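In order, the protein sequence lines correspond to chains A and B. If you count the first sequence from 1, position 205 lands on 205 in my numbering, and the numbers rise without skipping. If you count the second sequence from 1, position 275 lands on 1275 in my numbering, and the numbers rise without skipping. Worksheet: one structure, shown below.
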Amino acid sequence: MITDKLLQILPEKVRTRIEPYAEALELMSEVRDPKVAASLGPSSVRGLLLQRGKQGVPTKIPARHEAYFDWTYPSDHAEMLELYRRAKQNQWDGDTWLDWSTHVDPENPEVAIIPDNFLNFEKLEGYMGVRMTPRERAKVRSDVCAWQLSQFLHGEQGALFAAAQVTEAVQFFDGKLYGATQVVDEARHVEVFHRYLDTKLQKLYQINDNLFVIIDALMSDSRWDMKFLGMQIMVEGLALGAFGTLYRLTEEPLLKELLKNVIRDEARHVHYGVLALREHFQNHISERERREREDWSFEVALLMRNRFLAYEIYEERFEGLITRAQWRDVVSTSPGLEEFRHVMFSRLVPNLREIGLLSDRIKPHYDRVGLSKYFGGRSADQISAEDMISELDQKRAETPAGLRAANA
Amino acid sequence: MQSFRGARPQAIDAVDVATKVASLILPARATRVVDQARRDLRVVRGVIGGERPAPVREQAMRAANLDEIDVVSILPRRLAARVSQGLRDLDVLVGALQGRRPPPTVKRPASRRNTLPPPPAKVATRPLRVARVVRETPDAVSIYLEETSGALLTFEAGQFLSFDGQVKGRTYRRAYSLASAALEGHAPHVTVKRVDGGVVSNHLVDHAREGDVLHALGPSGVFTLKPSEGPRRLLLLAGGSGITPIISLAETTLTHEPDAHVVLLFGNRRFEDVIFHARLDAMKGRFGERLVVDHVLEAPPREWSGAVGRLDTATVSARLGALGVEPKDREVYVCGPTPMMDAAHEALLALGVPKARIHEERFTSPEQRKAASAPTEPQPVLVALGGVRTETVQRPGQTLLEAGLAAGLPMPFSCAMGGCAACKVRLVEGDVVADEPNCLTDDERAEGYVLACCTRATTPCTVEVP
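Written as structure tokens, this is what we have:
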């Protein structure tokens, strides 16, 4: 990339200061659709440039959506009603359903919290020019896990508020009742992830700038269906990908059980997103508006694929030892991230198809970035939470021992 | 009191803010001069304005120190928020150019939310208010109840409440069936009869008053109507105060189901012991041929024309024969003293009624049970619930249920006295002792179930909540 070459010329001290901004500019230049750029632009400035999520004070994001009241309480969506019923029956208590007395040692290679080759250590050591001891590797793995769970936690906070906003704004009354259960679900996810980080890993990373951009864009968009698309389809899809990967790969029993319960809830959430948006996109918006959403979700999908690169860990541990570009290479080629991309897109792409955002017009773009193999998968309304878990369990059994091995 | 920190800072004004801004630009020496001038100005202004030094040190005021002056604070609130956001943004941008970044992790004290112990869990009752007390016979009263929360007290016909009764400083837990029909507009009540040595019953008969509060669990129990294909045909056998759940079943069924038919055999010692005599007569008037009531008295008055005897095996068979009732075709509910229930059971089996169609409600007070010798050592208990296995310790005196609840596990229970099976768990491993009799069926026992509320581990145990 041109920016990379330009940066190479600069003295290292200057380069490390400018690199993050160069990346932000590059990201914005990648977005081709002007409408999408306009919708993501201000959020990108706040997130990438001004780092509003990391300023050390609570962030205030104004919301401008409309609350939609219906004083006739119609029974207007049988499938959502069914989801509501299921959600009520499947509530669980984070205090008692999880065994918090489990002793967690994230650096214990016998019970690997993530497998050793989750990260591409060979490449990392190659760039650094030194071999890491097993203990150093274990520390890095523990940090990668804490970083991931921290981002889950921040994402769940976004989901908690977005779910509340969507509950206000959605026009189906059955959807509002269901939405209230999702608010409770998200609160529970915040509770359990925070508790795990606070009491077991004793570490909390700041919110990733790219995640902040997405959350900021959703919270400040006044169109309810954009919130919905962003949260219920994109972010929940991302969450399912990330949770699914970690569920498959971790050996730590408490984390595994925690993720299993969370995945069950998330499966309902995505299902709800598909139900509400399918009808809305088919019957209530113009073709021009549909196209805008189609482009928007493509851009956000790429954002999510390429941008969660754990720079926070780089800055904490490896800055000065290797360059940002080298770190990016290490993370991008890590088996754990490949796995995450696979699980995420196998859930996300079929859902986009199901809600009508995968027309022949956009398909070549997905094909270009190698995602066409997911076109035919099962969408959230066709797959139950139990299917999802057992699919992951099955894959786990098939995973080559290498990826699960505790230590290389 | 901040007495030794001396005087408190005065409210900030424009001169303070101007000085603060100047201090950010000026070198340190000039800043000191400007700051001293500001303080002097304050004093002079105070003197001209007629201020006198405060007589008490704590009330004294002074000019704010430079580090106490928040420039943004004199701005209107909304503008202040924007300005401080702008300053933070600027700080990030300037910081980045200087090679300064926000720290990658967040430092914060451990969250209290995550370290709080769960609230102490135990078998907790809720208060019910006595709305009125009605004397049914010289030895029996009906106690009408309502929820103190204002919610409706709802139940299924045939269910019971358990009460924790305080008598002479001791707590006794006793079950009383709801005698009212489970229908809207029928005030819920239990009916209590005096019995020999009945600590709680006798206390209630003598002392229950309107406005009292009783501590209750439930409603509980499965002595209730089962789904029925076609018109429901019931045979009800009651002895003495065993009439309470039986009359509720009868009235509820007959009111709800216009084609239901009910036969009631009701045994008592003397005529004046018959509870609900008038209510049964009124029901006969209301439901006509759909309700047959056969009173059987052991010691009838001289003018009695009804059946005479005690509800033993022979009498039950004879009365059913005399009434022309074929018990095989009916769902049977039996409630009364233990000898009467055993006799009825035997007679019904002899008449060809399948065991599964005989429903029985037996009440014993915990103290009358075969005392299971309570373990005196703590025992580890592993509870499997919802896919999670939690290890807890059953302390001497605790039941399996109490040990589980104390560990914060949401183990189900209702009556907490062995009468409803809501708390049944499967014993996977280990030895236990249980208070007997309790309401577990033979099939449940064969499958390894025990009632957590009246069972104690005597060795390390593993149980599974179904």
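Glycine included, every Cβ here is placed at the ideal spot set by N, Cα and C. Owing to the predicted nature of the structure, the values given are computational and were not obtained by experimental measurement.
Asked: Those residues which DSSP pairs with B:Q1379 across a bridge; Found: B:Q1394
Asked: Whole-number beta carbon distance between A:P106 and A:L254, since they are thought to touch under 8 angstroms; Found: Going by Cβ atoms, the distance from A:L254 to A:P106 rounds to 11 angstroms, so no, they are not a contact pair.
Asked: Alpha-carbon spacing of A:Y21 relative to A:R291, whole angstroms; Found: 30 angstroms
Asked: Coarse secondary structure for A:M234, derived from DSSP in three states; Found: helix
Asked: Exposed unless 16 or more other CB atoms sit within 10 angstroms - verdict on B:W1304; Found: exposed
Asked: Coil, strand or helix - B:E1251 by DSSP; Found: helix
Asked: Residue environment, B:A1028, which counts as buried when at least 16 other CB atoms sit within 10 Å; Found: exposed
Asked: For B:H1215, the three-state DSSP class (helix, strand or coil); Found: strand
Asked: Environment of A:A401 [buried if 16+ CB atoms lie within 10 Å]; Found: Bear in mind that a pLDDT of 45 at A:A401, under 50, signals an unreliable position, so the number given afterwards is only what the model happens to contain. A:A401 should be labelled exposed.
Asked: Chain-ordered residues of the segment 182-199 of chain A with a beta carbon less than 8 angstroms from chain B; Found: E191, H194, R195, D198, T199
Asked: First and last residue of the uninterrupted beta strand (DSSP E) at B:K1355; Found: It is not in any beta strand (DSSP E) - B:K1355 carries neither H nor E in the DSSP assignment.
Asked: Neighbour-count burial assignment, B:P1104, 16 or more Cβ in a 10 Å radius; Found: buried
Asked: Reduced DSSP category for B:A1350 - H, G, I as helix; E, B as strand; rest coil; Found: helix
Asked: Bridge-paired residues (DSSP) for B:G1239; Found: B:G1267
Asked: Neighbour list for A:K54 in chain B, Cβ cutoff strictly below 7 angstroms; Found: P1102
Asked: Cα-Cα separation, B:A1081 to A:D387; Found: 49 angstroms
Asked: Outcome for B:E1051 when other beta-carbon atoms lying within 10 angstroms are tallied against a minimum of 16; Found: exposed
Asked: The segment 202-220 of chain A / the segment 146-160 of chain A touching (three or more Cβ pairs under 8 angstroms); Found: yes
Asked: Min CB distance B:N1114 to chain A below 8 angstroms; Found: yes
Asked: CA nearest to the CA of A:S222, picked from A:V184, A:L238, A:V170, A:Y196; Found: A:V170
Asked: Within 8 angstroms, strictly: CB atoms of B:M1417 and B:C1461; Found: no
Asked: Neighbour-count burial assignment, A:D295, 16 or more Cβ in a 10 Å radius; Found: buried
Asked: Neighbouring residues, chain B, relative to A:K203 (Cβ below 8 angstroms); Found: T1105
Asked: Beta-carbon spacing of B:S1162, B:A1175 below 8 angstroms; Found: yes
Asked: Chain B residues whose Cβ lies nearer than 9 angstroms to that of A:T16; Found: G1099
Asked: Any chain B beta carbon closer than 8 angstroms to A:T96; Found: yes
Asked: When B:L1401, B:G1408, B:A1407 are compared against B:S1414, the one with the closest alpha-carbon; Found: B:L1401
Asked: When A:L249, A:L197, A:R317, A:F69 are compared against A:K139, the one with the closest alpha-carbon; Found: A:R317
Asked: Given 8 angstroms, three or more beta-carbon pairs between the segment 240-247 of chain A and the segment 45-52 of chain A; Found: no
Asked: Per-residue DSSP class, three states only, for B:S1142; Found: strand
Asked: Closest residue to A:S390 among A:D143, A:K260, A:D70, A:S220 (Cα-Cα distance); Found: A:K260
Asked: Chain-ordered chain A contacts of B:G1408 [CB-CB under 8 angstroms]; Found: D95, T96
Asked: C-alpha distance - B:T1347 paired with B:L1235, whole-angstrom precision; Found: For the sequence presented, residue 1347 of chain B should be read as Ala rather than Thr. If you take the alpha carbons of B:A1347 and B:L1235, they lie about 13 angstroms apart.
Asked: Three-state secondary structure assigned by DSSP to B:P1460; Found: coil
Asked: DSSP three-state assignment for B:R1039, whether helix, strand or coil; Found: helix
Asked: Endpoints, the beta strand (DSSP E) within which B:Q1159 is located; Found: Segment: none, B:Q1159 is in no beta strand (DSSP E) and carries neither H nor E.
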